[in-house]
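Trainee: Just so you know, the sequences run in chain order H and L.
First residue of the first sequence: 1, per this note's numbering; consecutive thereafter.
First residue of the second sequence: 1, per this note's numbering; consecutive thereafter.
We put the CB at the ideal spot given by N, CA and C, even for glycine.
Because the structure is a prediction, the values reported are computed rather than measured.
There are 2 protein chains.
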Amino acid sequence: MDQHFPKSTKTRIVIVGGGFGGIELAKKLKDKDVEVMMLDKHNYHTFQPLLYQVATGGLEADSIAFPLRKIFKGQKNLTFRVTEALRVQPFENILETTIGTIEYDHLVIATGSTSNFFGQNEIEEHAMPMKSIPEALNLRSLILQNLEAAQIITDPILRDELLNFVVVGGGPTGVETAGAIAELKKHVLKNDYPELNLDEVSIYLIEGSPELLGNMSVQAQRKSEEFLKELGVIVMTNSRVKAYDGKVLSLLDGQQINSSTVIWSAGVKGAVLEGLNTTAIVRGNRLKVNEINRIDGHDNIYAIGDVSAMITEEFPNGHPGVAPTAIQQGKLLAKNLWNIMNNLPTTPFKYFDKGAMATVGRNRAVVDLHKIRFQGIFAWFTWMFVHLMTLVGFRNKLVVFVNWVWSYFSYDRGTRLIIRPYFKESNDESKLDKVS
Amino acid sequence: MDQHFPKSTKTRIVIVGGGFGGIELAKKLKDKDVEVMMLDKHNYHTFQPLLYQVATGGLEADSIAFPLRKIFKGQKNLTFRVTEALRVQPFENILETTIGTIEYDHLVIATGSTSNFFGQNEIEEHAMPMKSIPEALNLRSLILQNLEAAQIITDPILRDELLNFVVVGGGPTGVETAGAIAELKKHVLKNDYPELNLDEVSIYLIEGSPELLGNMSVQAQRKSEEFLKELGVIVMTNSRVKAYDGKVLSLLDGQQINSSTVIWSAGVKGAVLEGLNTTAIVRGNRLKVNEINRIDGHDNIYAIGDVSAMITEEFPNGHPGVAPTAIQQGKLLAKNLWNIMNNLPTTPFKYFDKGAMATVGRNRAVVDLHKIRFQGIFAWFTWMFVHLMTLVGFRNKLVVFVNWVWSYFSYDRGTRLIIRPYFKESNDESKLDKVS
């Protein structure tokens, strides 16, 4: 489709990406006399903090996603298009997309981040990322397919590959994923797979630095490690991955783990577009922005959230790649864009730290709210409450709540279905001959 | 995987298919001193009567599916395997599957039915079936992708293709699907697609015979047609499909409809296995069985539910292809198999007709309970209650109930997400360049 979307007489703000930042920005422009164009490659917003629960059979994919058209229902100045942005032509103020070229006055890159394999192609080819709903569903299918295959495979090395689950990266996603798989083992597998010797199932969490949850308090770090060990997770800190060929994971210190399921949560990189000032691309493939999120070397192109790096004295590596950063930047940018259009002074961004939290499992979470730190069951309820409230849409809140309450009392997971089997190119044959 | 699963000293009953009939049979054998082996190509049971709600964005796929392992939790005499049955070797009492060969004493074919295109390959290639969860999800994606594509395509013939939705077959599935798409148009599209002229969206229901719901009372037939027309569905009875090339649907009388979305619910055929007595295969590709569901020409192979045809004076075409038939046959076969093993007399099957019902939309359903017939809002609540109660699993009942209550008050559908885009081989390019 090679259409052209020329501007009208109104100022057109094009937002690429319907994540936390893009949505907040678009909504805050609701009553302004501008034309807002929101683009996303999906027709839905993904609540990324709960992807790991989709991957481990705790939640339906549909309950952590929300139709973008519905979010902007009634916003008359907004047009939404499902499309992928390809390249910026900054001198012509044109964005190239898969549905054609779109003119803009202001362009906001809110594309978020993808998994960072740090250039290790072999690992990228074989490890499972978990940054989108299809990726989370693939991981769910793979875990369940492995368990089914382990019912009929007797070769001990192949069984090891099927029943060792390795999570790489001890940030919140890694900790939460490892904990969720450990709970799956503890509460579900013993009932579902009576033939399986549960001692054969091992869950590893591998982290390069000396501690888990690097961005949290020492208290939270220690407690989360303790929680994981209580659940039977083998926590390996100070361990770095050297190679992974889909069957054997090799660590820098020479250790090897047989595993066909390596979940990669060791880092993210910005999902930048082509055509932007290349000198603005800094560590983590992020776009260096000034204090109002304008990209270095551009006049009318901005970046917010995970794809941006606003480097300040307080944040020499940029702000944390979390939802509150994106939301706060989106909100402020709406105001600043309006001020720029009206020749008014702009306000520099100031990050309001909302704290950090991570859940390891049932009754086990860690919460840092500035000086207030707590762990355990109350932290777990806090975590659930905050995540429920942040989910977009009443139906989603309700369905997730129902699922959580149900799981709490039944010790079960509702959605352990292999709806679309996942086949690795390499070794699908050895796993499950045919499932359709 | 070429394993062999030899029998132990116990009698082994192998059941192929975890649908309504297979589950009932396996459960009823729980306390018997036999070895039960349940095989299914999926790891879940599908509640087929609600597939159309998954396809039209009303329900999550996960809420109408239930893990088969969980259904048989604690049933010590049962082994479950995810595999596809390929071929029977009746003289050797061996079943060939994708995971190897399985010995049996008694084999029960409970494989259900698939869409019947009556040998029309071109239609089969282009029309959308709706007999499994992946198929229902593909249809959901296609409907939503078409609506997105219609936002940017201006060519009138292409727009017609995108915005004409054709359902072929006026049985319960066809009636329910056409009604659900009509409600999607009425309640959701006007909010989600403010740029779209709703008059361009047309829903056709095509039925070969003079009336809809052929198996129901005249009262129900008339009322369902009235309900559909109220919702704006173009009902075409006495119309037969001649050809469909993915773009133009041609009827026998010469009429043509431009449509890229033709949903096929015009008939089913039994999903028979190879290696069985071919003379037992009767109309609709079903297996002719005697009064205890034993397949003609076999001593120890049985068929129950949709894949079987028990022809009696009262049912010259076999029993209705509905859940109660399968459940009742599964239940009785459990008893009869036990009696056969113990040289006791068997009981012939007697169908208990539970009536029929179909829903057209909000407050609009038709119910026939023998002589008691009613339509409208009370019928609709009856339909919802019966379907809720028949759903397997408390969590599923709860989540579906929450979704229905929420939809009732909000006039909305929760799950209109294109999670896995569907690409027809033929004309994907003209629709949406890339969605991933």
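1. List, in chain order, every chain H residue whose beta-carbon is nearer than 8 Å to that of L:Leu-158.
2. At which residues does the beta strand (DSSP E) containing H:Val-88 begin and terminate?
3. Can you grab the Cα-Cα spacing for the pair L:Pro-156 / L:Glu-195, in whole Å?
4. With 8 Å set as the bound, which would you pick, yes or no: does the beta-carbon of H:Tyr-422 sit closer than that to a beta-carbon of chain L?
5. Would the beta-carbon of H:Ile-327 fall within 8 Å of that of H:Gly-21?
6. Could you tell me which chain L residues have their CB closer than 8 Å to the CB of H:Pro-67, listed as they occur along the chain?
7. Output the boundary residues of the alpha helix (DSSP H) element that contains H:Phe-20.
8. Pull up the distance between the alpha-carbon of L:Lys-223 and that of L:Ala-178, whole angstroms please.
9. Using a threshold of 8 Å, state whether the C-beta atoms of H:Leu-249 and H:Arg-240 are closer than that.
10. Go ahead and pull the three-state DSSP assignment for H:Gln-120.
11. Take H:Glu-122 and list the residues in its own chain whose beta-carbon comes closer than 7 Å to its own, dropping the five residues that flank it on each side.
12. Along chain H, in chain order, which residues have C-beta atoms closer than 9 Å to that of L:Glu-60?
13. Along the region 102-136 of chain H, what residues have a CB closer than 8 Å to any CB found in chain L?
14. Could you check if L:Gln-221 belongs to the surroundings of the ligand SAH, using beta carbon to heavy atom distance under 7 Å?
15. Taking the DSSP output, what are the residues bridged to H:Thr-46?
16. Assess contact between the region 298-308 of chain H and the region 97-114 of chain H, defined as three or more Cβ pairs (one per stretch) separated by less than 8 Å. Is contact present?
17. Nearest chain A C-beta to L:Lys-70 closer than 8 Å, yes or no?
18. Just mark H:Glu-429 as buried or exposed, buried being the case when its beta carbon has 16 or more other beta carbons within 10 Å.
19. Just checking: is the beta-carbon of L:Lys-73 within a distance shorter than 8 Å of some beta-carbon in chain H?
20. Under 8 Å, do L:Phe-165 and L:Thr-278 count as touching if we go by C-beta distance?
21. Does DSSP classify L:Ile-13 as helix, strand or coil?
22. Please identify, using Cβ separations under 9 Å, the residues of the region 18-44 of chain L that lie next to chain H, in order along the chain.
23. Counting only C-beta atoms, is H:Ser-436 closer than 8 Å to chain L at any point?
24. So the candidates are L:Leu-68, L:Asn-77 and L:Leu-417; which of them puts its Cα closest to the Cα of H:Glu-148?
25. Answer with yes or no whether the minimum CB distance from H:Val-148 to chain L is below 8 Å.
26. Using a 10 Å radius around the Cβ and a threshold of 16 neighbouring Cβ atoms, would you call L:His-524 buried or exposed?
27. Excluding the 5 residues preceding and the 5 following H:Val-54 in the sequence, name in chain order all residues of the same chain whose CB lies nearer than 7 Å to its CB.
28. For L:Lys-247, which residues from the same chain have a beta carbon less than 6 Å from its beta carbon, with the 5 sequence-adjacent residues on both sides left out?
29. Return the CA-CA distance between H:Met-130 and L:Ile-377, expressed in angstroms with no decimal places.
30. Find the residues of chain L that neighbour H:Gln-48, judging by a C-beta separation of less than 7 Å, and give them in chain order.
31. Counting C-beta neighbours from all protein chains within 10 Å, is the total for H:Tyr-411 16 or more, i.e. buried, or is it exposed?
32. Below 8 Å on the Cβ atoms is my contact criterion, and I expect L:Ile-234 with L:Ile-203 to pass it. Report the Cβ-Cβ distance as a whole number of Å.
33. Let me make sure I understand the geometry here. Which of H:Leu-189, H:Gln-221, H:Ile-143 and H:Gly-318 has the alpha-carbon closest to that of H:Val-175?
34. What is the DSSP secondary structure of H:Gln-328, counted as helix, strand or coil?
35. Helix, strand or coil, according to DSSP, for H:His-4 in the structure here?
36. Check L:Gln-221 in the structure and name its three-state DSSP category.
Mentor: For this structure:
1. Those within 8 Å of L:Leu-158 in chain H number zero; the least Cβ separation is about 11 Å.
2. 85-89
3. 16 Å
4. no
5. yes
6. Asp-192, Arg-416 and Leu-417
7. 20-28
8. 15 Å
9. no
10. coil
11. Ala-243, Tyr-244 and Asp-245
12. Glu-60, Ala-61, Asp-62, Ser-63, Val-399 and Thr-415
13. Ile-133 and Pro-134
14. Within the structure as shown, the ligand SAH is missing, as the structure has no ligands at all.
15. H:Ala-65
16. yes
17. Reference to chain A is not applicable here, since the protein chains of this structure are H and L.
18. Residue placement at H:Glu-429 is flagged as unreliable, the pLDDT there being 38, under the threshold of 50; a coordinate-derived value is accordingly withheld.
19. yes
20. no
21. strand
22. Lys-41, His-42, Asn-43 and Tyr-44
23. At H:Ser-436 the pLDDT is 34, less than 50, meaning the model places this residue with poor confidence and gives no usable figure here.
24. L:Leu-68
25. Reading off the sequence, residue 148 of chain H comes out as Glu, not Val. Taking Cβ atoms only, chain L reaches closer than 8 Å to H:Glu-148, which makes this a yes.
26. The structure shown does not extend to residue 524 of chain L, since chain L is modelled only from 1 to 436, so the question has no answer here.
27. Ala-61, Ile-64, Ile-133, Ala-136, Leu-137 and Arg-140
28. Glu-161
29. 45 Å
30. The premise fails here: H:Gln-48 is roughly 15 Å from chain L at the closest Cβ pair, so nothing lies under 7 Å.
31. exposed
32. 7 Å
33. H:Gln-221
34. helix
35. strand
36. helix
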